[in-house]
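If you read the sequences in order, they're chains A and B.
In case it helps, our numbering puts the first sequence at residues 38 to 200.
In case it helps, our numbering puts the second sequence at residues 38 to 200.
Glycine included, every Cβ here is placed at the ideal spot set by N, Cα and C.
Protein chains: 2
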Amino acid sequence: MREQRPESIEKLKELLENIDFAMLTTMSGGKLRSRPMSTQKLEFDGDLWFFTSDQTHKVEEIEADNRVNVAYADPDDNTYVSVFGHAEMVKDRAKIEELWNPIYKAWFPDGLDDPTLCLLKVKVEEAEYWDSSNSRIVQLVGFIKALATGQQADGGDHGHINL
Amino acid sequence: MREQRPESIEKLKELLENIDFAMLTTMSGGKLRSRPMSTQKLEFDGDLWFFTSDQTHKVEEIEADNRVNVAYADPDDNTYVSVFGHAEMVKDRAKIEELWNPIYKAWFPDGLDDPTLCLLKVKVEEAEYWDSSNSRIVQLVGFIKALATGQQADGGDHGHINL
Chain A
38 MREQRPESIE KLKELLENID FAMLTTMSGG KLRSRPMSTQ KLEFDGDLWF FTSDQTHKVE
98 EIEADNRVNV AYADPDDNTY VSVFGHAEMV KDRAKIEELW NPIYKAWFPD GLDDPTLCLL
158 KVKVEEAEYW DSSNSRIVQL VGFIKALATG QQADGGDHGH INL
Chain B
38 MREQRPESIE KLKELLENID FAMLTTMSGG KLRSRPMSTQ KLEFDGDLWF FTSDQTHKVE
98 EIEADNRVNV AYADPDDNTY VSVFGHAEMV KDRAKIEELW NPIYKAWFPD GLDDPTLCLL
158 KVKVEEAEYW DSSNSRIVQL VGFIKALATG QQADGGDHGH INL
């Protein structure tokens, strides 16, 4: 069923393309913490990318435990997406330059000259979504079979994507 | 510093009152999963309440590990709140009737006659927020001292509330 992976990626890309901000949840000393992150606009290929500073708490948190959830919410459209994956910090200059956009100066006024600037990459392993095609957003929509494993995802009360 | 607890509760109440939907993140078999939840409108006293069905995955997840994060995002207002706490399922009939509102029929068509209807209560222990008073939403705003313990919260790059 591996050949269906492109469809899952396409579905997730479609769900995320109109949601600029996500809440990234990490494990922090036994607690779950989240914070807003701006998702990079690029061809989604199974990885999510975010700009961050290497001086933030989340860097230490991810070094200690790199399991993360990225939650996308668009209440106007009744679209919600939960993404699970493993995160890593990427300080590759070429990638930073490739993804940089001047709009990020709102958060990083020194832009590419900021020595703390780095990327957080989330390798997406599972995604679940709730969308506006049904008013009962708690129990909803399509159901996509698990693709990475070839097994069906459990549940089925809403969409579930395994990459 | 215990006497400042009411101020923290007031601040959190003010932050949450215009955000109807939250993403609730739980631990699920070693993975972090989130799903949209509608917050109950009531006098916030340090606990968050949500209606749910006792037939959902999150009930098992919370029984296995009751640490949760509740993330609130209002991109239009640039307001983001991360709440950490412990969750419990509450099947108290009087409390269910007290909090019930016909608008929840969108998710529970049988309303109070639904035998699976129950409440999820999150006892808020820590909250962090980012708000629109500063355009650099990743590194921002006021800083509230830890109140439950009387100690300062770590960090200080954004608001942090301990209840």
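DSSP beta-bridge partners of A/Leu53: Partner(s): none; A/Leu53 has no beta bridge.
Bounding residues of the alpha helix (DSSP H) (the contiguous stretch that carries A/Leu136): Arg130 to Leu136
Cβ of B/Asp147 within 8 Å of any chain A Cβ: no
Below-8 Å beta-carbon distance, B/Lys68 vs any chain A residue: yes
Sub-8 Å separation of B/Met60 and A/Met60 beta-carbons: yes
Backbone secondary structure at A/Gly67 - three-state DSSP: coil
According to DSSP, residues forming a beta bridge with B/Gly148: According to DSSP, which records beta bridges pairwise, B/Gly148 is partnered with nothing at all.
A/Leu136 and A/Leu156 closer than 8 Å at C-beta: Yes, these two residues count as a Cβ contact at 8 Å.
Outcome for B/Gln92 when other beta-carbon atoms lying within 10 angstroms are tallied against a minimum of 16: exposed
Rounded distance between the beta-carbons of A/Ala108 and B/Ser71, thought under 8 Å: 4 Å
Cβ pair A/Phe121, A/Glu162 closer than 8 Å: yes
A/Gln176, DSSP secondary structure in three states: A caution first: A/Gln176 carries a pLDDT of 30, below 50, which makes its placement in the model too unreliable to give a value.
C-alpha distance - A/Pro73 paired with B/Val118, whole-angstrom precision: 8 Å
First and last residue of the uninterrupted alpha helix (DSSP H) at B/Lys95: His94 to Ala101
Pairwise C-alpha distance: A/Glu44 and B/Lys128: 41 Å
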